[in-house]
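Working notes, structure below.
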Amino acid sequence: MKLYLTYFFSSFCLSLFGLLALYSLRRSKVTSLRRAFLIYSGKSSSGAQLLAGLPIALTIMGVSLLLPVSTGVKVSYFICSAMITFYGYMDDRYELRPIVKLFSQVISVACFSIVSSLSIGGQFSTIVFVVMAFYGVGILNGTNLLDGLDTMSIKLSTLVYSTYIALAMYYVSPVTISFSMISMGAVLAFSFLNKYPSKMHLGEIGGAFIGFTYLFLMTSLFSSLKSQVNLVEALIISVLPMTLSMGEVGISFTRRLMNGKSPFKGDKFHLHHILMNYFKLTPPQTTNILFFSYGMFFTFSLSMLALFELNVQLTYVTLIFMIGAFQAYFGMKYWMKKGFKFSLRNILKSLRKEKLTIIDSSKVDSFEFQIVDGGKKEESDDEKKAA
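Count the sequence shown with this note's numbering and you get residues 26 to 412, in order.
Right, here's the structure in full:
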């Protein structure tokens, strides 16, 4: 226990030091540092800084060097961590296109998943790779979707880390406990600067890196579980805490399709938006409701799994149902677009790129292009002669 607490407080102190150093750039006279690391959020009403995820990520990477994991997994972990940190920084600074972010996520997750699945998957390495890659890309996006309010990421990630600690204690996985304590310490240090109204935001770096820590925890827990239960149960238990992030992605995609929109187009109908905009709750009230509600769902699932030895598959399905039903209860009436008929045809129409018309060339005899400059059509040579 002393070792775990040492990991926690070391990570907490280092992360807090880095965050305060980043925040102090507001008064710094070093132009190069200000230009590189002082970035303000354009969406914040409190003038908050971005890049808080950078010292958090560096802290987790640094302290986790002490963990006793295989060299291959450790190398792939640090390479992929560096990739996520780099593209996250570039996005916070230059607003990368969505396709570039998705490509970066896929490459990062794939690199880590290949090495890890070969290391821990054994004869089932292909199945493990598919699960890791699918959940990896999903949670990198899901953790960003759950970073919509001040302290929201802190509370929900603490809930996920606590769930991993509980599972790791039950199934005896020291590495999982250690890494959870390291990650939790680094994230909790951020609460001093992220409480409402926030002074700093995680940015793309923080949201994506927190998601990546979930993926590492999944691999470390699976490594301990594979000798205790069968493959399916080991995979389900390993991804159980990630259900919150994956559920947010699945519900968001479904909601947008139900609303007649592309699943990749952002909206303001996440549950935290609905609680604030329609139920008139404050950001602290909203995050507290989400934290305690999801906390009860995870506690119930862990109780069914450990105390009553409920079937693992049934436990996982029950958790998914509780999260989905909770969101649907508050949000269903606001998700459906009035006059939109929920059908396969309309769903496929929603997936089509907007403002794009495809014309069958066989039905057109000729084409004529006209160049418009300053709102006026340029006359062709024939038109000038006729005039």
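The beta-carbon is built from N, C-alpha and C at its ideal position, and this holds for glycine as well.
In the three-state reduction of the DSSP assignment, Y65 falls in the strand class. A Cβ-Cβ separation of about 4 Å places G228 in contact with D117 under the 8 Å criterion.
S138 counts as buried, since at least 16 other C-beta atoms from the protein chains shown sit within 10 angstroms of its C-beta. Each residue's CA atom was taken as its position, placing G163 and M271 some 6 Å apart. Burial of T110 is indicated by the presence of at least 16 other C-beta atoms within 10 angstroms of its C-beta. Taking a cut-off of 8 Å on C-beta distances, the stretch 223-237 touches the stretch 79-86, as three or more cross pairs fall below it.
A distance below 6 Å between beta-carbons, with the five flanking residues on each side excluded, links F278 to the following residues of its chain, in chain order: P288. Nearest C-alpha to V264 among R281, S245, R280 and L282: S245. Per DSSP, reduced to three states, the secondary structure at Q74 is strand.
F33 and I207 have their C-alpha atoms spaced approximately 5 Å apart. It is roughly 16 Å from the alpha-carbon of G291 to the alpha-carbon of G356. Taking all protein chains shown into account, N166 has 16 or more neighbouring C-beta atoms within 10 Å of its C-beta and is therefore buried.
The residue from F294, F333 and F323 with its alpha-carbon nearest to that of A353 is F294.
With a beta-carbon spacing of about 12 Å, F241 and I145 fall beyond the 8 Å limit used to define contacts. A distance of 9 Å or more separates the beta carbons of S249 and A331. Between L174 and M225, the alpha-carbon positions lie close to 12 Å from each other.
Judged by beta-carbon spacing, S101 lies within the 9 Å limit of S141, meaning their Cβ atoms are closer than that value.
Taking every protein chain shown into account, the CB of T311 has 16 or more other CB atoms within 10 angstroms, so this residue is buried. Considering only G285, F333, T31 and S328, the residue with the shortest C-alpha distance to V88 is T31. Within the same chain, and ignoring the five residues on either side of I314 in sequence, the residues whose Cβ sits closer than 8 Å to its Cβ are L300 and L306. For F149 and T96, the gap between their C-alpha atoms comes out near 21 Å. Between M329 and T343, the gap from beta carbon to beta carbon is short of 9 Å.
About 6 Å separates the Cβ atoms of L269 and V185, confirming a contact at the 8 Å cut-off. Considering only F333, M243, W360 and S318, the residue with the shortest C-alpha distance to H298 is W360. Between L327 and T188, the C-beta spacing is below 9 Å. Close CB contacts of M209 within its chain, under the 7 Å cut and outside five residues either way in sequence, are with F33, T183 and Y186 (chain order). Q74 sits away from R59, with the two beta carbons spaced by 9 Å or more.
Looking from the CA of V337, the closest CA among M243, A259, V134 and K220 belongs to A259. In its chain, beyond the 5 residues on either side, P222 have a beta carbon closer than 8 Å to the beta carbon of S70. Residue nearest to K126 within the set Y112, C136, A135 and V134 is Y112 (criterion: CA-CA distance). About 20 Å separates the Cβ atoms of I104 and A211, ruling out a contact at the 8 Å cut-off. Secondary structure at M86: helix, using DSSP grouped into helix, strand and coil. For R118, the enclosing alpha helix (DSSP H) starts and ends at T96 to Y119. Taking the C-beta atoms as reference points, M108 is found nearer than 9 Å to I132.
Comparing C-alpha distances from L90 to each of V200, I348, K220 and A61 shows the shortest one belongs to V200. M26 sits exposed, since fewer than 16 C-beta atoms from the chains shown fall within 10 Å of its C-beta.
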